[in-house]
Amino acid sequence: MQKQSAGHMKTHFFKVVQTVAQHGSFSEAAAILGCSQSNISYAIKEVEDFFEKRLFIRSRKGCSLTPEGKVINQTFGNIMATLEQLKKMGSAAA
1 MQKQSAGHMK THFFKVVQTV AQHGSFSEAA AILGCSQSNI SYAIKEVEDF FEKRLFIRSR
61 KGCSLTPEGK VINQTFGNIM ATLEQLKKMG SAAA
């Protein structure tokens with residue numbers, strides 16, 4: 001697997017990972033985010049390829065985070081919170 005450069009990791013993928021983790025289902029995440037299940041699968045695969053780690057354990061009953069996935073998901077949450085703070089600071093300065 002080839003790693004993508006950091007510039008190719010889309011922040012939308014962070015939200016996809018968080019939503020799948022929260023709901024334990026690709027199809028539920030797709031419904032919540034207003035996209036197709038194949039879009040969710042694509043985003044998860046891109047993130048897994050980027051980190052060269054499996055994020056989710058998939059089963060007929062849904063999915064759950066791997067230990068590595070838990071760390072990545074928590075980090076994505078921190079990044080999204082920081083980006084939101086920066087966005088608010090930018091809005092306040094304008």
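Residue numbering for the sequence shown follows UniProt numbering, starting at 1 and increasing by one per position. All C-beta atoms in this analysis are idealised placements derived from N, C-alpha and C, irrespective of residue type, glycine included.
> Using the beta-carbon count (16 or more within 10 Å), is T19 buried or exposed?
Replying inline: For the purposes of this step, residue 19 is identified with residue 19 of the sequence shown, where counting begins at 1. Flag for T19 reads buried.
message = For G77 and I40, I'd like the C-alpha separation in whole angstroms.
response = Residue mapping note: residue 77 aligns to position 77 of the sequence shown, counting from 1. Residue mapping note: residue 40 aligns to position 40 of the sequence shown, counting from 1. G77 and I40: Cα-Cα distance of roughly 18 Å.
Mapping the DSSP letters down to three states, classify G34 as helix, strand or coil.
The residue you call residue 34 lines up with position 34 of the sequence shown. If DSSP states are grouped into helix, strand and coil, G34 belongs with coil.
Review point. From L83 to S59, what does the alpha carbon distance come to, in whole angstroms?
Key: For the purposes of this step, residue 83 is identified with residue 83 of the sequence shown, where counting begins at 1. For the purposes of this step, residue 59 is identified with residue 59 of the sequence shown, where counting begins at 1. About 33 Å.
query = With C-beta atoms as the reference, is M80 less than 8 Å away from F14?
reply = Taking the first residue of the sequence shown as 1, we reach residue 80 at position 80. Taking the first residue of the sequence shown as 1, we reach residue 14 at position 14. Against a cut-off of 8 Å, the Cβ pair of F14 and M80 comes out as a contact.
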